[in-house]
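Numbering (my numbering), first residue to last: 312 to 689.
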């Protein structure tokens, strides 16, 4: 074989064998623009078995209440007033000047409200995974607890990042959301869910007083297979920009607290989370990480290392493969029960590396590389 031809052959072999890194980073993405308008059906009264058999996209007989395009299933209760759909995919929820996004209609109810939109990535999963999405809280309707209620602990689950240990494809009477001890049939473990938590106690103001924020992220972790072996909660007190920092509403006069609540700025903000499985059962080298708005300042980035997601007696396979997004909200706002508060989600991306807030859906290289020209191939 001539020397130049051999070089061309080796070049081409290396060219096509090397991974296309820009393509490999994206596992799933959805800006909702190409999906038909959709709204959730709330005919099932919150029963876990009913919702899964009704909305599971791979139900052998077909789901009578299918989820929105590209997604796996959803769970939601019937709203108190039965006057609005819990989830709506339409133009209302868009992040840009055009397109579509998801509207989440949350009720003030004094207890847990809502449901969740589910995404399943198959029974192999990923040992390390990133998920990024944008949220906007509607300033005209969204209210966190008023100080005068004396309520402390209002929460919203932004997402559950977890893995289903069992393949659910053939299941029709099964609750994939169940997390508890293995003896109780816990399917969804391990799991990390970051809650936006509201604390309206004295000294919790925005800007912070003595480092105490009225709105912050609290991370609840559930381990496999020993659900309760470690403390389930961990608080990282750093400010949430879309949840009060820009437009904090002070008392109107004196010590009057009737309008002293945390008000959203009404802007879109990105939230990105990373989870990494520990390398072997019982080895504490797992991690989780969070960026708000890409971590533009140190207060918007946090990293936790040394996590034993799976303890001895469990298995690190499959990997992370299940998301529940726009999950339940504990809404004790002091508003009349049934009051609708709106939030929006758009531009959802799952990847195997950091995406950041500036990535635009659809711009990743998803085409095979072109062969070089002018070379002789034999």
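Even for Gly, the Cβ is constructed at its ideal location relative to N, Cα and C. Values in this document were obtained by computation on a predicted structure and should not be read as measured data.
- Spanning the alpha carbons of residue 338 and residue 670 requires a straight line of approximately 14 Å.
- Within the same chain, and ignoring the five residues on either side of residue 413 in sequence, the residues whose Cβ sits closer than 8 Å to its Cβ are 343, 379, 398, 399, 400, 404, 428, 637, 655, 656, 657.
- Residue 365 and residue 389 have their alpha carbons spaced roughly 15 Å apart.
- A Cβ-Cβ distance of about 12 Å is found for the pair residue 432 and residue 382, leaving them out of contact under the 8 Å criterion.
- Short of 8 Å from the beta carbon of residue 622, and not among the five residues preceding or following it, lie these beta carbons of its own chain, in chain order: 534, 535, 536, 537, 540, 592, 593.
- When the five nearest sequence neighbours on each side are left out, the beta carbons in the same chain lying within less than 6 Å of the beta carbon of residue 500 are those of 490, 533, 535, in order along the chain.
- Beta-bridge partners assigned by DSSP to residue 580: 446.
- Contact between residue 470 and residue 445 is ruled out by a C-beta separation of about 13 Å, above the 8 Å threshold.
- Taking C-beta atoms as the reference points, residue 396 and residue 350 count as a pair closer than 7 Å.
- By the Cβ neighbour-count rule, residue 589 is buried, with 16 or more other Cβ atoms within 10 Å of its own.
- Using a 10 angstroms sphere on the CB of residue 666, the tally of other CB atoms reaches 16 or more, which defines it as buried.
- Restricted to the stretch 593-626, the beta strand (DSSP E) segments that are unbroken, complete and at least 3 residues in length are 597-603, 612-618, listed in chain order.
- Bridge pairing for residue 662: 337, 441 [DSSP].
- Secondary structure note for residue 428: its beta strand (DSSP E) is the uninterrupted segment 426-431.
- Burial state of residue 601 is buried, judged by a 10 Å Cβ sphere holding 16 or more other Cβ atoms.
- In the DSSP assignment, residue 651 forms a beta bridge with 418.
- Under the 10 Å beta carbon count, residue 595 is surrounded by fewer than 16 other beta carbons and is classified as exposed.
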